[in-house]
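J.:
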DNA sequence: TCGATCTATGCAAACGATTGCAGAGCCTCT
DNA sequence: AGAGGCTCTGCAATCGTTTGCATAGATCGA
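Protein chains in written order, with my numbering: chain A, 192 to 536; chain B, 192 to 536.
1) Hey, does residue 279/A have any beta-carbon neighbour from chain B nearer than 7 Å?
2) Which two residues bound the contiguous alpha helix (DSSP H) that contains residue 231/B?
3) Take residue 406/B as the anchor and find which of 445/B, 392/B, 379/B, 424/B has the nearest alpha-carbon.
4) Using a Cβ-Cβ cut-off of 6 Å (strictly less than) and excluding sequence neighbours within five positions of residue 502/A, which residues of its own chain qualify?
5) Buried or exposed for residue 515/A, going by 16 or more other Cβ atoms inside 10 Å?
6) Roughly how many whole angstroms lie between the Cα atoms of residue 399/A and residue 393/A?
7) For residue 519/A, report the span of its beta strand (DSSP E) as first-last.
8) Would residue 478/A and residue 530/A be called neighbours here (beta carbons separated by less than 7 Å)?
9) Indicate whether the contact test is met: 3 or more Cβ pairs, each with one atom in the stretch 457–474 of chain B and one in the stretch 425–435 of chain B, closer than 8 Å.
10) Kindly indicate which three-state DSSP category residue 445/A falls into: helix, strand or coil?
11) Buried or exposed, going by whether 16 or more other CB atoms sit within 10 Å of the CB of residue 357/B?
12) For a cutoff of 7 Å on Cβ pairs, would you count residue 359/B as touching chain A?
13) Between which residues of its own chain and residue 192/B is the CB-CB distance below 6 Å, once the five residues before and five after are set aside?
14) Leaving out five residues before and five after residue 390/B in sequence, what residues of the same chain have Cβ atoms less than 6 Å from its Cβ?
15) Terminal residues of the continuous alpha helix (DSSP H) containing residue 430/A?
16) In the DSSP assignment, what are the bridge partners of residue 264/B?
17) Using a 10 Å radius around the Cβ and a threshold of 16 neighbouring Cβ atoms, would you call residue 319/B buried or exposed?
18) Would the beta-carbon of residue 413/B fall within 7 Å of that of residue 449/B?
19) Please decide whether residue 255/A counts as near chain B, where near means a Cβ-Cβ distance under 7 Å.
20) Can you check whether the C-beta of residue 388/A is within less than 7 Å of a C-beta belonging to chain B?
21) Comparing alpha-carbon positions, which option in 253/B, 418/B, 204/B, 372/B lies nearest residue 440/B?
22) Buried or exposed: where does residue 473/B fall if 16 or more other Cβ atoms within 10 Å of its Cβ makes it buried?
23) Given residue 268/A, which residues of its chain have a CB within under 6 Å of its CB, disregarding the five upstream and five downstream residues?
24) With residue 241/B and residue 206/B assumed to form a contact (beta carbons below 8 Å), what rounded beta-carbon distance in angstroms separates them?
25) On the criterion of 16 or more Cβ atoms from any shown chain inside 10 Å, does residue 352/B qualify as buried, or is it exposed?
26) Can you find a C-beta in chain B that's less than 7 Å from the C-beta of residue 242/A?
27) Select from the stretch 292–318 of chain A all residues with a C-beta closer than 9 Å to any C-beta belonging to chain B, and list them in chain order.
28) Taking 8 Å as the cut-off, does the stretch 474–493 of chain A touch the stretch 246–266 of chain A (at least 3 CB pairs, one atom from each stretch)?
29) Looking at residue 525/B and residue 367/B, is the spacing between their C-beta atoms short of 7 Å?
30) What are the partner residues of residue 382/A, as DSSP defines its beta bridges?
31) Can you grab the Cα-Cα spacing for the pair residue 223/B / residue 290/B, in whole Å?
32) Using Cβ-Cβ distances below 8 Å, what residues of the stretch 265–290 of chain A are close to chain B?
33) Put residue 454/A into one of helix, strand or coil per three-state DSSP.
34) Specify, as a first and last residue, the run of the alpha helix (DSSP H) that residue 509/B falls within.
35) Could you pull the start and end residues of the beta strand (DSSP E) that residue 489/B belongs to?
36) Using a beta-carbon distance cut-off of less than 7 Å, what residues from the stretch 471–490 of chain A approach chain B?
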């Protein structure tokens, strides 16, 4: 049982004097690696005292001495974006298992806050970083490499080689969408793209282009718009622009679910029904994508796994700092719901 | 500019020898409170050296010495539950402003993980806790009080008096719903309750009961079911049970949006249309509640503010540990969407 | 010009752990 | 029985800051 009234924390020394040994002995008993060095009898007495006095190691003192914090930092662009919480959860679950704590920082997509937060992470000597905010070309990433902190990019990666990352196979996702749409008979397909400075935005676009090309189809340039952010608002804007061209299309693929949602609004406003008039597809399969009206057909990015894998790579990197960078692409999945249908007569 | 190749971190001593002064002088310059003690000329030289060598304070050493970590821990039951991210975001934003970092722990609703995480927080000497996992009677809370760590409950509170908390005024929310429904002519109202061991579950139920009572109406006991968790699944189960009674009702209020979503499914499965046949109301106004089919009428819990207020109170409590506990109830708001309508002839 | 008052800096002791080194006791082998 | 080798424990330095105290100059008033 823990002591109740004790004003001041119990330290190694306290329990040492209680048992009548030197603090270093206590330290050894408490560390599994060195526990073997001390007599069982004493070790047990120490255990008892630890229990009795409710000793808890002081993480600062430990970290100061060992230069290891058992903490990792996670950088996300927007905490309330439902796409990122599964990633954090994935990271958290494997990190907790490994005895690490996770520090999260929300950057709200502003570079300056990003920098400040990384700075703070460094002061706190995080053992590693997982970065979910990376741009395809990102000074912050360069900085991290120069600094030598282990880090891995999640969901979004950079053009740099030699950085670890775990992302979804966006090209494959694009191909899956095209296949699905082609099978339904769609040939006139519009695309609402995301920011091209993000790997997700860029690769998804490439995936669609490539996928169409492989089917002998082509993306009509006039039927492509790019939003400046992966938001509903930008989705609306883009869809609006598309509609304004008055060019005919029967399917619309958006670079993520949020943008697709924005497209829903614009289509409805224009009196177009989904999927009867226009099929819509998104990317991510964010939580509740299946609850929208209509339930959204989308590419499921294995967000939880992305987080978990990123965490595993990071742990690896922390334990042996000179393992080469590792990049993995997880397999996405096509989730067919009600927003896609055959092309209308 | 930061040094690039330096293998080892720059310390106070490094910059002290660079300038030719004692480390303590450097320390004083860097601390705004003591900067005045040292000559401007030297202070500026120190600033320059700090810049040149890229000095960053070692947070461990600081914390070890000062016994202050500028870290707070946040306990949430489920990171992927969209209701909790705005809270975290709210906390994070005010904490970041104040120079604090936030450590999050996801407990997945299991008591044991809760304990372990609090334990870990303590080892890390967090300056305070915000707890979003509280049960109405919660040993963990008792424990925290005994331990003396500053903490505040967010969204969910306990029956204990003397603990700080910031929650939404659930009773008022209930009353708002009842008013809205009554105005639409509903008198036969069913209730899908949440877990009664959570303050939200309990108070929302009380709010509805009270609200109805005030209107001279009564809740038919047979038209009340309680789920064991605030989940879609439990919402489905509860709605199913309600439907099985074959008792007539024209409106259904669920203890949160997730449960309401579950109800949607069951109603649809039973061939009932919302809102034509049955009006549905939820609680929380979680992200995308307006995107469901139909868009959900609900009580908006000011989640972001809950987080921000909780953080403010916590900071207060940290700065002056003997301020009395403060509990605030934020005003919720009724968001009328398309899931509620007049009662069918 | 000399003591008293101030100011600006240095000194050294913490904070709580870890760990290489040294040494005390004991066992074993010849 | 004595030398060498183990095993177990203590010692003390160290990690990087902060901060109370001491002190060296500078300043000032008489």
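Even glycine gets a Cβ: it sits at the ideal position worked out from N, Cα and C.
T.: Walking through what the data contain:
1) yes
2) 231–244
3) 379/B
4) Cβ neighbours of residue 502/A beyond the five flanking positions: 282, 285, 286.
5) exposed
6) 10 Å
7) 518–521
8) Remark: C-beta atoms of residue 478/A and residue 530/A do not approach each other more closely than 7 Å.
9) yes
10) strand
11) buried
12) no
13) Low confidence applies here, because residue 192/B scores a pLDDT of 39, under 50, leaving its location unreliable; read the following figure in that light. So no residue of the chain qualifies.
14) 327, 347, 348
15) 423–435
16) 294/B, 320/B
17) buried
18) no
19) yes
20) By this cut-off, residue 388/A is not an interface position.
21) 372/B
22) The Cβ neighbour count for residue 473/B, taken over all protein chains shown within 10 Å, is at least 16; the residue is labelled buried.
23) 298, 300, 324
24) 6 Å
25) exposed
26) no
27) Result list: 292, 293, 294, 295, 296, 297, 299, 304, 307, 308, 310, 311, 312, 313, 314, 315, 316.
28) no
29) yes
30) 415/A, 444/A
31) 14 Å
32) 270, 271, 273, 276, 277, 279, 280, 283, 284, 287
33) helix
34) That run of the alpha helix (DSSP H) goes 494–510.
35) 488–491
36) 478, 479, 482, 483, 484
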